[in-house]
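A.B. asks: Got a structure for you, questions after.
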Amino acid sequence: MMASRQHCSLLKDVEVVMINGLSPWGNNYLIPRGPLREPLKALCRAQIVFIHHADLVSYTELNAIVSTVHKISPSIPTFSSRFTPLFLFDVKNPLSKLPLSMVTDMVILCVSAIGCPDAFIHLIKMIGPLHADRVDFSDHHSINLNDINLIRKGLAILQNRFSIKPVVLITEKDYDRNPTILKEVNDFQILVNKIQEEFIGKIKRTRDEEHNKEEYCSCPSSLNQRVSVNSDAFQYCSVQSFPFF
């Protein structure tokens, strides 16, 4: 659940929930014991659900996520999305636009402080580096001088192992949080991965009479209602892209 949904006084035109397909519910516990900001039954307040990183999970896993959502809110429109790498830029020249092919067959150290580093690693491996290693910090972590030393050690190990000068690759989010201190790694090139959010399409359920069934919406009593739910078979439609900021 996005943080803004918990501010009841905040006026909203549409309530949108984005679910991480790689780890939709975490350990099913709320903060601080787990990653959930609200219980799953709060999904009934949303008007739209996006399942992000849908391209990184199997059809069965995607099916299970959508089934959980529709058991709570059977009629909610559900969409899928993914990240697509666009180009790279150098931290020393933020206006540069370098082709993704620049890191093909190179040794890469991926550094990130985001909630889903596995997705970042997957994107980088799609580009085709010779080798990709990683340094993962906790989400929202601000890189400090001790971290810079750790990154330097990792780069030295990779350089000794492959006899190639490695390149640091970071997310745009991490660059925006740490634009100055990253320049402390001045003897290695640091590139930022510019991405866009790609809307894959609406996930549609197709009618299957044999599996047509009824479920209850797990909403507060004032919203609770009996509804008919078709079988959990899905298909994708239309594709479009929009910038990610």
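Here the sequence shown is numbered in this note's numbering, starting from 54 and rising by one per residue. Idealized CB from N, CA, C, for every residue including glycine.
1) So, with DSSP's three-state summary, where would you put T113?
2) If you draw a straight line from the C-alpha of H123 to the C-alpha of F173, how long is it?
3) Please check the pair A166 and D66, which I expect to be a contact at CB under 8 Å, by giving their CB distance rounded to whole angstroms.
4) I'd like to know if the segment 213 to 224 and the segment 153 to 165 are in contact, where contact means that at least 3 CB-CB pairs between them fall below 8 Å.
5) I'd like to check one pair, C169 with N73: are the Cβ atoms closer than 8 Å?
6) Could you pull the DSSP bridge partners for F103 from this structure?
7) So, at 8 Å on beta carbons, what are the nonlocal neighbours of K321 in its own chain, with the 5 sequence-adjacent residues on each side left out?
8) With the cut-off set at 8 Å, would you say F142 and E250 are in Cβ contact?
9) How is V221 classed by DSSP in three states: helix, strand or coil?
10) By Cβ distance, which residues of its chain are closer than 7 Å to R205, with the 5 residues on each side in sequence left out?
11) Would you mind reading off the limits of the alpha helix (DSSP H) that contains G181?
12) Could you check what DSSP says for V238 in three-state terms: helix, strand or coil?
C.D. replies: Considering the structure as presented:
1) As a position in the sequence shown, residue 113 is number 60, starting the count at 1. Looking at T113 - three-state DSSP - the assignment turns out to be helix.
2) For the purposes of this step, residue 123 is taken as residue 70 along the sequence shown, with counting starting at 1. For the purposes of this step, residue 173 is taken as residue 120 along the sequence shown, with counting starting at 1. The alpha-carbon atoms of H123 and F173 are separated by roughly 29 Å.
3) Taking the sequence shown and counting its residues from 1, the one referred to as residue 166 is at position 113. Taking the sequence shown and counting its residues from 1, the one referred to as residue 66 is at position 13. No, A166 and D66 are not in contact; Cβ-Cβ is about 32 Å, not under 8 Å.
4) Yes: at least three Cβ pairs fall under 8 Å.
5) To locate residue 73, count along the sequence shown from 1; it is residue 20. To locate residue 169, count along the sequence shown from 1; it is residue 116. Remark: C-beta atoms of N73 and C169 approach each other more closely than 8 Å.
6) Locating residue 103 in the sequence shown gives position 50, counting from the first residue. Under DSSP, F103 shares a beta bridge with M71 and F132.
7) Outside the shown range of the chain (54 to 298) lies residue 321, about which nothing can therefore be said.
8) On the sequence shown, position 89 is the one that residue 142 refers to. On the sequence shown, position 197 is the one that residue 250 refers to. Taking C-beta atoms as the reference points, F142 and E250 fail to come closer than 8 Å.
9) For the purposes of this step, residue 221 is taken as residue 168 along the sequence shown, with counting starting at 1. Looking at V221 - three-state DSSP - the assignment turns out to be strand.
10) Position 152 of the sequence shown, counted from the start, is the residue given in the question as residue 205. So the qualifying residues of the chain are V238.
11) Residue mapping note: residue 181 aligns to position 128 of the sequence shown, counting from 1. In the DSSP assignment, G181 falls outside any alpha helix (DSSP H), carrying neither H nor E.
12) As a first step, residue 238 is located in the sequence shown; it is residue number 185 there, counting from the start. Correct three-state label for V238: coil.
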